[in-house]
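*Asks:* My questions all concern the structure below.
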Amino acid sequence: MGHVEATANVPFPPEKVWSAITNLEDYGKWMSIHTKWKGDIPAKLEKGTQYSEVITMMGMANVITWTVEQFEENKTWVSSGSGMAGVTTTTSIHLTPDGDGTKISIGSEFSGNIIKGPLAKAIEKAAVKDLEKSVQSLTELLNA
Numbered sequence: 001m002g003h004v005e006a007t008a009n010v011p012f013p014p015e016k017v018w019s020a021i022t023n024l025e026d027y028g029k030w031m032s033i034h035t036k037w038k039g040d041i042p043a044k045l046e047k048g049t050q051y052s053e054v055i056t057m058m059g060m061a062n063v064i065t066w067t068v069e070q071f072e073e074n075k076t077w078v079s080s081g082s083g084m085a086g087v088t089t090t091t092s093i094h095l096t097p098d099g100d101g102t103k104i105s106i107g108s109e110f111s112g113n114i115i116k117g118p119l120a121k122a123i124e125k126a127a128v129k130d131l132e133k134s135v136q137s138l139t140e141l142l143n144a
């Protein structure tokens with residue numbers, strides 16, 4: 001199983017960051033692995049919400065069907081999902097007040113029959129870059 005995490009501090013309150021993160025119309029503007037929604041975009045995110053998206057990592061697309069496992073307004077969004085070839089993944093977003101700003105932590109865990117050995121290490125390395133890019137893009141979106 002691979003695990004990666006990226007963090008950033010932004011000079012905005014958690015409410016503003018949360019609003020940007022949970023605006024699913026703009027999700028692809030900052031989440032770098034998001035390619036497109038598969039089916040309808042959820043009208044509301046809450047524990048138990050299910051949705052599907054196409055993600056692309058290392059040039060390989062996969063359809064992931066997600067279920068929201070934890071959802072605490074302005075603080076935590078954790079979804080777990082499964083995709084083709086037995087891939088399973090969990091993505092977590094945590095916001096922590098930090099003075100006048102917010103610390104953003106985005107983590108991802110992934111496993112599956114094809115995610116082993118050298119390929120697992122390559123995916124982990126790519127995932128770190130993807131998460132760092134996502135955090136940077138989110139910061140740019142907040143600054144716009």
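Mind the numbering: the sequence shown is residues 1 to 144 in UniProt numbering, read in order.
All residues carry an ideal CB built from backbone N, CA and C; glycine is no exception.
Tell me the residue span of the alpha helix (DSSP H) that contains Lys16.
*Replies:* Residue numbering aside, residue 16 sits at position 16 when the sequence shown is read from its first letter. From DSSP, the alpha helix (DSSP H) with Lys16 extends over Pro14 to Ile21.
*Asks:* If you reduce the DSSP assignment to three classes, tell me which class Leu45 lands in.
*Replies:* In the sequence shown, residue 45 corresponds to position 45, counting from 1. In the structure shown, Leu45 sits in coil (DSSP, three-state: anything other than H, G, I, E or B).
*Asks:* Closer than 8 Å is the cut-off here; do at least three beta carbon pairs connect the stretch 109 to 119 with the stretch 32 to 45?
*Replies:* The answer is no - the stretch 32 to 45 does not touch the stretch 109 to 119, with fewer than three Cβ pairs under 8 Å.
*Asks:* Would Ser108 and Glu5 qualify as a contact pair, given that the criterion is a beta-carbon distance under 9 Å?
*Replies:* Here residue 108 corresponds to residue number 108 of the sequence shown, with the count starting at 1. Here residue 5 corresponds to residue number 5 of the sequence shown, with the count starting at 1. Yes, the Cβ-Cβ distance between Ser108 and Glu5 is below 9 Å.
*Asks:* What do you get for residue 173, buried or exposed, if any count of 16 or more other CB atoms within 10 angstroms of its CB means buried?
*Replies:* Lying outside 1 to 144, the shown extent of the chain, residue 173 is not represented and no answer is given.
*Asks:* For Gly28, report the span of its alpha helix (DSSP H) as first-last.
*Replies:* By one-based count along the sequence shown, residue 28 stands at place 28. Residues Tyr27 to Trp30.
*Asks:* Thinking C-alpha only, which one of Glu132, Leu95, Thr56 and Ile123 is nearest Glu15?
*Replies:* Residue numbering aside, residue 15 sits at position 15 when the sequence shown is read from its first letter. Minimum Cα distance to Glu15 is reached at Leu95.
*Asks:* How many Å lie between Ser79 and Leu142 at the Cα?
*Replies:* Position 79 of the sequence shown, counted from the start, is the residue given in the question as residue 79. Position 142 of the sequence shown, counted from the start, is the residue given in the question as residue 142. For Ser79 and Leu142, the distance between alpha carbons rounds to 23 Å.
*Asks:* How should Asp130 be labelled, buried or exposed, when 16 other C-beta atoms within 10 angstroms of its C-beta is the threshold for buried?
*Replies:* The residue given as residue 130 occupies position 130 in the sequence shown. Buried, because 16 or more other Cβ atoms sit within 10 Å of the Cβ of Asp130.
*Asks:* Answer yes or no: do Thr91 and Ile106 have a C-beta to C-beta separation smaller than 9 Å?
*Replies:* Translated into positions along the sequence shown, residue 91 becomes position 91. Translated into positions along the sequence shown, residue 106 becomes position 106. Yes; because the gap between Cβ atoms is below 9 Å, this pair is in contact.
*Asks:* Would you call Ala144 buried or exposed, if buried means 16 or more other Cβ atoms sit within 10 Å of its Cβ?
*Replies:* By 1-based counting over the sequence shown, the position of residue 144 is 144. Under this definition Ala144 is an exposed residue.
*Asks:* Give me, in chain order, the residues of the same chain whose beta-carbon lies closer than 8 Å to that of Ala61; leave out the 5 immediate sequence neighbours on both sides.
*Replies:* As a first step, residue 61 is located in the sequence shown; it is residue number 61 there, counting from the start. Excluding positions up to five away in sequence, the list reads Thr35, Val54 and Ile55.
*Asks:* Drop a sphere of 10 angstroms on the beta-carbon of Ala85, count the other beta-carbons inside from all chains shown, and report buried for 16 or more, exposed for fewer.
*Replies:* Translated into the one-based positions of the sequence shown, residue 85 becomes position 85. Exposed, since its Cβ has fewer than 16 Cβ neighbours within 10 Å.
*Asks:* Can the beta-carbon of Phe12 be found less than 9 Å from the beta-carbon of Thr102?
*Replies:* Within the sequence shown, residue 12 is the residue found at index 12, counting from 1. Within the sequence shown, residue 102 is the residue found at index 102, counting from 1. Yes, the Cβ-Cβ distance between Phe12 and Thr102 is below 9 Å.
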